[in-house]
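Taking my numbering, the leading residue of the sequence shown gets 1123, the next gets one more, and so forth.
A virtual CB, placed ideally from N, CA and C, is assigned to each residue, including glycine.
Because the structure is a prediction, the values reported are computed rather than measured.
One structure is given below, encoded as structure tokens.
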Amino acid sequence: MAVIGTGLIGTSVALAASRQGVSVYLSDRNRAAARTAAALGAGRAEDPPEQVDLAVLAVPPSQIAAVLIALQGRGLARAYTDVASVKAGPEQAVLSRAPEPARYVGGHPLAGRERSGPLAARAELFQGRPWALTPHRLTSRAALDRGLELAELCGAAPVVMRSREHDEVVALTSHVPHLLASLMAARLREGPAGVPLLAGQGLRDVTRIAAGDPRLWGDILQSNAAAMAGVVKDLQADLSRVATALDVLTEADDGGRTQGVRTLEDLLARGNAGLAELPRPGAGPPVGEAALRVLVPDGPGELARFLGVVAVLGICVDDVAVEAAEESGLSVRIPVPATDAQRIEAKLSADGWDTVPGELVPGR
């Protein structure tokens, strides 16, 4: 395998493949970066002695087509893929300009860090993460198979989709969030003097990804501008409503204040609902889920004791909800995988907890 570009992602791909016994050849226009990656054990910073099975282009989106054309002109590899986070534009350029577009399949591992460069690379960076593959109408089966094999070598979960669909999704899940993190972080320079003293974890969570390389992210954002524009306009409309609500809340009129509070609470509730659509980290694909209801005695420490039992059973305590307060105790709802519902119910009953089985919740 040849890896062209030895930044965070390229070096991480090379490290993961090398650990699986693949011979990896590294190239970067910054010779020091390639040698650093080689010193980390990612491969050899030299040209391969013969044609490789796969070339991985770890370069910005706007450079994919030009680099691919140059590499195909040299006959570097039997198949080619990339790891750029924008797919439709590069694919279009490849189809119109590359000598052998059938040998190319677009790729995008959805993993990263706020740090950049080969020293930030990790062989395990892609473990359990989605890896999008975007075959175009001319992509050969052999090229797609190489892309699938690479994702699996790196421990990722391959997801095959169309390039335009990919770009619309990552505009919402990655590119606009990065833009918002940068906008929020930029405000810190204009804040009062006490900002460093009171910067809590919430602020750090919101702004963490703003530390990315501005030149790389500038390339990514301009390459996916069309997909991002609609998301940003919808956010602009929401922010306008929030700004109006905040202005109203500074006034004395009770009726207006009530409406302002409702606007803010509606936004927060929509945020809760949107967040609920995301799987928990490490949860894997959505599966059928059952809701078990348990009556927990209303005594000191009983709820804490029950939560301890729930944690031992492998259930996420954050998902437990108290639904009602009965005369004899608290009615507590716990979500469990449908396949384990009977086993968990039996275990709780055997331990003396009063359980009431719930209904299957499809697709969650």
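Secondary structure of residue i, DSSP reduced to three states
i	result
R1151	coil
I1191	helix
P1408	Residue placement at P1408 is flagged as unreliable, the pLDDT there being 45, under the threshold of 50; a coordinate-derived value is accordingly withheld.
I1331	helix
E1448	strand
V1442	coil
I1126	strand
L1084	Residue coverage of the chain in this structure runs from 1123 to 1486, which leaves residue 1084 outside it and unanswerable.
S1453	strand
T1477	strand
V1208	coil
P1221	coil
P1318	helix
R1235	coil
R1284	coil
R1465	helix
A1259	Here the sequence assigns Arg to residue 1259, which means Ala is not the residue at that position. In the structure shown, R1259 sits in coil (DSSP, three-state: anything other than H, G, I, E or B).
N1346	coil
P1506	The structure shown does not extend to residue 1506, since the chain spans only 1123 to 1486, so no value can be given for it.
T1372	coil
I1131	helix
T1385	helix
A1243	coil
E1213	helix
E1399	coil
I1186	helix
Q1142	coil
G1436	coil
L1272	helix
L1198	coil
G1352	helix
G1313	coil
G1430	helix
G1378	helix
G1423	coil
A1160	helix
Assumed close pair residue i, residue j - CB separation to whole angstroms, cut-off 8 Å
i	j	result
A1160	L1148	6 Å
A1124	V1174	5 Å
A1265	R1141	No, A1265 and R1141 are not in contact; Cβ-Cβ is about 24 Å, not under 8 Å.
A1279	R1251	7 Å
G1129	A1180	6 Å
D1341	P1240	About 19 Å; that fails the 8 Å criterion.
V1478	R1415	4 Å
S1134	F1248	7 Å
Among the options, the one whose alpha carbon lies nearest that of residue i
i	options	result
P1530	G1322, I1191, A1303, Q1249	A question about residue 1530 goes unanswered here, because the residues of the chain that appear run from 1123 up to 1486.
V1370	N1346, D1476, R1384	R1384
E1445	P1457, D1289, S1285	P1457
L1177	S1471, T1203, A1156, A1154	The amino acid occupying residue 1177 in the given sequence is Ala; Leu does not appear at that position. Ranking S1471, T1203, A1156, A1154 by Cα distance to A1177 puts T1203 first.
G1334	P1459, L1361, S1238, D1476	S1238
P1223	A1187, L1255, R1196	A1187
R1286	N1346, A1242, I1331	N1346
G1421	Q1185, L1389, E1448, A1443	E1448
D1327	P1299, G1352, L1343	P1299
G1143	T1158, I1126, A1164, A1155	A1164
A1154	G1127, I1131, L1137, A1136	G1127
A1472	V1442, Q1185, V1431	V1431
T1290	M1350, A1242, V1281, A1243	Residue identity differs from the one stated: residue 1290 is Glu in this sequence, not Thr. It is M1350 whose Cα lies nearest to the Cα of E1290.
M1283	V1292, A1254, T1295, H1297	A1254
Q1464	L1294, D1440, A1413, L1452	A1413
R1151	A1167, L1137, L1162	A1167
V1454	E1424, K1469, D1462, M1306	E1424
L1294	G1195, V1434, A1243, L1343	L1343
R1263	Q1214, V1281, A1201, S1296	A1201
L1452	K1469, T1380, D1476	D1476
Identified DSSP bridge partners for residue i
i	result
P1252	A1279
T1203	V1178, V1227
A1413	P1457
V1418	L1452
R1337	Its beta-bridge partners do not exist; DSSP assigns none.
R1166	Y1147
Any non-hydrogen atom of the ligand GDP within 6 Å of residue i CB
i	result
I1456	Among the components of this structure there are no ligands whatsoever, and the ligand GDP is therefore not found.
Residue-level contact to chain B via CB, residue i, 7 Å cutoff
i	result
T1329	Among the chains in the structure shown there is no chain B, since it carries only a single protein chain.
Self-check item: Three CB pairs or more closer than 8 Å across the segment 1227-1234 and the segment 1202-1219
Solution: yes
Practice problem: For the segment 1255-1273 and the segment 1350-1368, state whether three or more C-beta atom pairs, one from each stretch, are separated by less than 8 Å. | Solution: The count of Cβ pairs closer than 8 Å, one atom from the segment 1255-1273 and one from the segment 1350-1368, stays below three, leaving the stretches out of contact.
Self-check item: Stretch-stretch touch, CB-based, cutoff 8 Å, three pairs: the segment 1167-1182 with the segment 1296-1312
Solution: Under the Cβ criterion (8 Å, minimum of three pairs), the segment 1167-1182 does not count as touching the segment 1296-1312.
Quiz item: Within the chosen definition, does the segment 1179-1199 reach the segment 1214-1221 through at least 3 CB pairs nearer than 8 Å?
Solution: Counting Cβ pairs under 8 Å, three or more are found: they touch.
Quiz item: Does the pairing of the segment 1255-1262 with the segment 1317-1327 give three or more beta-carbon distances under 8 Å?
Solution: no
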